Structures are given as C-alpha cells and as structure tokens.
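Q:
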Ligand SMILES: Nc1ncnc2c1ncn2[C@@H]1O[C@H](COP(=O)(O)OP(=O)(O)OP(=O)(O)O)[C@@H](O)[C@H]1O
Ligand SMILES: [Mg+2]
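Protein chains in written order, with the working numbering: chain A, 1034 to 1287; chain B, 377 to 661.
1. With a cut-off of 7 Å, does the C-beta of residue 474 of chain B fall near any C-beta of chain A?
2. Please work out which residues of its chain come closer than 8 Å, Cβ to Cβ, to residue 1163 of chain A, disregarding the five sequence neighbours upstream and downstream, and give them in chain order.
3. Kindly examine ligand 2 and report whether one of its heavy atoms sits closer than 6 Å to the Cβ of residue 566 of chain B.
4. Apply the 10 Å Cβ neighbour rule to residue 1251 of chain A and answer buried if 16 or more other Cβ atoms are within range, or exposed otherwise.
5. Could you give the DSSP three-state label for residue 1035 of chain A: helix, strand or coil?
6. What does residue 1087 of chain A touch in chain B if you count any residue whose Cβ is under 8 Å from its own?
7. For residue 1212 of chain A, verify whether its CB is less than 6 Å away from any heavy atom of ligand 2.
8. How about residue 556 of chain B: is its C-beta nearer than 7 Å to some C-beta of chain A?
9. Quick check: is any heavy atom of ligand 1 less than 6 Å from the C-beta of residue 474 of chain B?
10. Return yes when at least one heavy atom of ligand 1 lies under 6 Å from the C-beta of residue 1093 of chain A, else no.
11. May I ask you to check if the CB of residue 397 of chain B is nearer than 6 Å to at least one heavy atom of ligand 1?
12. Can you tell me whether residue 1055 of chain A sits near ligand 1, meaning its C-beta is under 6 Å from at least one heavy atom of the ligand?
13. Just the C-alpha distance for residue 640 of chain B and residue 614 of chain B, rounded to the nearest angstrom, thanks.
14. Sort A:1088, A:1277, A:1121 and A:1213 by Cα distance to residue 1112 of chain A and report the nearest one.
15. Ligand 2 heavy atoms versus the CB of residue 1080 of chain A: any closer than 6 Å?
16. Say the cut is 6 Å; is the CB of residue 1076 of chain A nearer than that to a heavy atom of ligand 1?
17. Quick one: is the Cβ of residue 1050 of chain A within less than 6 Å of any heavy atom of ligand 1?
18. Between the segment 1185-1200 of chain A and chain B, which residues of the former have CB atoms less than 8 Å from a CB of the latter, in chain order?
19. In this structure, does DSSP put residue 421 of chain B in helix, strand or coil?
20. Determine the chain A residues that contact residue 542 of chain B at a beta-carbon separation under 7 Å, and present them in chain order.
21. Using a C-beta cutoff of 7 Å, does residue 565 of chain B count as contacting chain A?
22. Which runs of the beta strand (DSSP E) spanning at least 3 residues fall entirely within the segment 382-406 of chain B, listed in chain order?
23. Quick check on residue 546 of chain B - is its C-beta less than 7 Å from some C-beta in chain A?
24. Just to make sure I have the definition right: I need the residues of chain B whose C-beta is within less than 8 Å of the C-beta of residue 1124 of chain A. Which are they?
25. Is it buried or exposed for residue 435 of chain B, if we count other Cβ within 10 angstroms and need 16 for buried?
26. Say whether chain B places a C-beta atom closer than 7 Å to the C-beta of residue 1121 of chain A.
27. Using the Cα positions of residue 581 of chain B and residue 565 of chain B, report the straight-line distance between them to the nearest angstrom.
28. Are at least three pairs of beta-carbons, each pair with one atom in the segment 1223-1233 of chain A and one in the segment 1039-1050 of chain A, less than 8 Å apart?
29. Give a yes or no on whether 7 Å exceeds the smallest Cβ distance from residue 1117 of chain A to chain B.
30. When the Cα atoms are used, what is the spatial distance from residue 418 of chain B to residue 589 of chain B?
31. Would you kindly check if the distance between the Cβ of residue 578 of chain B and the Cβ of residue 453 of chain B is under 7 Å?
32. Alpha carbon to alpha carbon, how far is residue 1052 of chain A from residue 383 of chain B?
33. Please classify residue 1146 of chain A: does DSSP put it in a helix, a strand, or coil?
34. For the pair the segment 507-518 of chain B and the segment 438-457 of chain B, tell me if three or more CB-CB distances fall below 8 Å.
35. Just to confirm before moving on: does the CB-CB distance between residue 1229 of chain A and residue 1125 of chain A stay below 7 Å?
36. With a Cβ-Cβ cutoff of 7 Å, do residue 633 of chain B and residue 412 of chain B count as a contact?
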C-alpha cells in the first residue's frame, strides 16, 4: 500500500430534503486520528453533512443522498450496510446535552446493553473506563446510581461523550458540542477533544472560530451547501484562498 | 369613557361572569353530593356491601353489583391497555405521515366522542350475536374496551409525543433500533402519562350503564360472577334499577350505591393525579 487510506471520505455527495438541495457535490477526505472542523454560516449544511456519516438523517421524511460516503473505504449507504453496525463504529455527540432520564451508570452502558451485553463485570469496567476517558470519573464515581439529569450541563455533555465512547467507535461526530455550555465547561470539552484524538477520528461542527483554531487539524468551510475550502487549519486561518472563507473567518458575515 | 377604561370594564364584567358560572357549577354539584350523602350514608354498612340483591329493599345489597363493576374494570383494562398502547406507539412512532394515517388520526379522535350507547349496540351485534357470547362479563368488557380504546390511544400518543426528539436521537446514535428505543427510552419516560390516561378512561367506563344494558347485562343477578363467562350486573345498572322503583327505601339504596360508585371513581382519579404528579417530579427535561 502506497497511499494511506483516509478514514472518512465523501465522493460527489449531494443531499436533498425533498426538493431542497442541502449539499452540493461535496468531495472531502478526512484523516484518521485527527480533528476536522466544519465551519460556515448558519444553514450552510454542516449538520446535514455531519449526520450523513452515521446516517442520522435516515429518519427525516424526504431526505435522500446521491454519491458516496466511505468509512474505511466502504460505502456506508450501500444496501448491505446495517445502520446499527455503522453506529457502533461512528459515535455522535449532540449540540444540547441529551442524557437519558436514567442513572449515570445506565447512561454509559446503554449502548452495550442494546447490543445484548449483560455481564455485570464488563459493564462496570466499561463504565469506569469510558467515564475516565471523558474526564468525568472523579466527579461522578460516588454517584453512578444517581440520575444523570442532576448533573450540570457540562458534566452532562461529558457523560454523553462517555456514553459514545463506551461502544468503542473509531469516529466521533460532534455537532457544536460546547455551544450550550459555559466557558469553563467548554475549555474542558476542548481539552478532552485534544486527548481523544490520539485514539479517535473526530469531526466537529463549530461556530466558534477560536475553537476551530484551537482543536482542529483540518478545517472545512461550507457555504450554501458547497464545500468552499478545505485545508490545514493553520493554513486556512492564516492564508485562506477563497474570499468567502476570508470574509467568514474574519467575521465579516455569518 | 376612554377605550382602555372600557376594556378594563369589560375585563371586570367577564371576570364576574366567569366566577358566577364556576360557582353555579360547583353549587349544583355540591347540592347533589350533599343530597345523595344525606340520603344514602346511613344505609351503607357491611351487610349492604356483602348482601345479594333482594326484592325487599332493607335486605338488598350491592355485592353482585360492585363485584361485577370490578370484574368489568379489570377485564376492560386487560383488553384495552395493550391494544391502545400498541396502537398509540404505532401511530406515533412507526406510521408514515400519509393521507391514510391522517385519516386514521382524525377518526380516532372522533371515536372518542361517539355516544357510549353506540358502542353498546356495536358490542351487541359483534360479541353477543355474531360471536354468540351472550350477555356475559366478557362481552360487556369487550364493548367497554371499544369505548375506552380511542381515549387510551389518544393519551398514549400525547404522552409519547412529550418525550423529546433528542432522547430518541441519543438512543439511535448509540446503535439502538426503533423498537429498542421505544422500549428502553420512550415507554419508560411516558409510562406515567400513559397510565394516567388509561385510568381516567377506566373511570369513565366504570360509570357506564347504557352500553352494558344494551349488551344484556341483567339488573337482577343473584350470584357473584366467578368467570368472565358469567352473567353480571354493575353498580350503575343496579342504581338505575333501584331509582326506577316506586318505594322510598329503594331510593335510599340507590343513594348509598351512588356513594360507593363515586368513591370508586374518585379513587381512580386520585391514582391518576398521583401518578401524573410523580411523573412530573421524576423527569424534568
Ligand atoms: N429536516 C429538514 N427538513 C428540511 N430542510 C432542512 C431540514 N434540516 C435542515 N434543513 C435545511 O438544510 C439546510 C442546511 O441545514 P443544516 O442544519 O445542515 O445547517 P447548519 O449548517 O448545521 O446550520 P446551523 O449552523 O444553524 O446549525 C438549511 O437550509 C436548512 O433549512
Ligand atoms: Mg447545525
């Protein structure tokens, strides 16, 4: 093998909500164990694109895609792909923390229980490991049987990350994971992303340019459903090629 | 008078009118309750609750009636509960938003408003005649299940709808199937609401006499039903029967039976209120 295969890849991807085309001929290849940030003005299709990687758009009536999305070189929209298998591989963290109204423990092991894993020891070990990875263990280790809804917003979001890690995905998708959080919690999430990229491929949507600058290796700028520019974050932030990119990152619109 | 003064006056007038209307409702209800309690409370004793019906008012009791009511309650719940919840889940979580599902939706809401005697007639035709069951408990319970099914479906859907989209997304994103998501997330989170709806529906069914009379429930049943295949009577029918007698003593019996029926209804409603309250305290999104 000469060229290292990219972890995630979109090839000529179009996406539609009914007659409305939300994504236009997207081509992008993302590296393994790196952080890619999606930026762009509201409504440009960042979330739509992100959600194609774990096929969360499947539930929306009238949504369809053309083209391909490859995970480790395999088309995830192929007919023989099972979504539940795909989602074991590609985890997701949402904008608003969405812990289940269950205990902290039950939240973390939910994905495993769904897979039919019942062994107490496995569940407990995974729970501890995932919470530690998500830098939450010390704060919650004495109250694993308490309701997750009693945690603070920042803790809830780290719990949701732990929950995603528990099923050992290789990719984690994050849709503005810190936008509902205070600055301190945000800093914690950013630190965490930095830690996690040693083992995971991370794609993050953000509206915060500083955040994109701090956490990501590559940045993709979207505008009205098109991928305008995709480059190393440093390069893009210092010398953007497209004037639209430049206008956006300097805050002139969006 | 300026415009805002006028408006304020209108506001006041409506307020007074509103209080007056509420008051009338409450007063009428209170008078009715006081009247019933004064008339009947003295008649309620252990013998009244445990005696079989009789031609003589002083010896007549409501054992068969409340036993029948209890039977009907439990049987209707057993039949309508799973059916209603399953239908509610299907319509809310699975059915695609098509013309057909829209049509079903509107009609289920309409069914909830159909007069109960129509369900009695339907039950008579379907269960008593076509299925040849006769006027037995099972037939009565089936008819009442039809009556409360739309209510249960509607409340189940409301309760399920109240579960936020984000919870489902969270579950799907972890690889859960639709069914796993419904079973592990949606149902537990909405169960209090569903149960509340079921109980309120049952408390409606408890007071029904008309559909059961049509089915062929008897007024005079000299034994306690032992199986769903037995003939039966229920409290409302017993009450209806007693109030149509000329003798004063039977009217007293009727008042006493009404008190018992009201107690059952209040108990059911109380449980429903309690469940709803507990649910609200337990889960805040
Ligand atoms: N369920 C839907 N049905 C129809 N159109 C949709 C739906 N979801 C999104 N869209 C449209 O698709 C386009 C892209 O939306 P998307 O949510 O991907 O944007 P975004 O870049 O994530 O925006 P934001 O920064 O505000 O989150 C928008 O024009 C939006 O109106
Ligand atoms: Mg978005």
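Glycine included, each C-beta is placed from N, C-alpha and C at the ideal position.
Predicted model, so just to flag it, every value in this text is computed and none were measured.
A: Answer, in terms of the structure:
1. no
2. 1141, 1195, 1196, 1198 and 1199
3. no
4. buried
5. Here the model assigns residue 1035 of chain A a pLDDT of 42, short of 50, so the residue's position is not dependable, and the following value carries that caveat. Residue 1035 of chain A: coil per DSSP, three-state reduction.
6. 549
7. no
8. yes
9. no
10. yes
11. no
12. yes
13. 15 Å
14. A:1088
15. yes
16. yes
17. yes
18. 1193, 1196, 1197 and 1200
19. coil
20. 1127, 1129 and 1131
21. yes
22. none
23. yes
24. 549 and 550
25. exposed
26. yes
27. 26 Å
28. no
29. yes
30. 29 Å
31. yes
32. 49 Å
33. helix
34. yes
35. no
36. no
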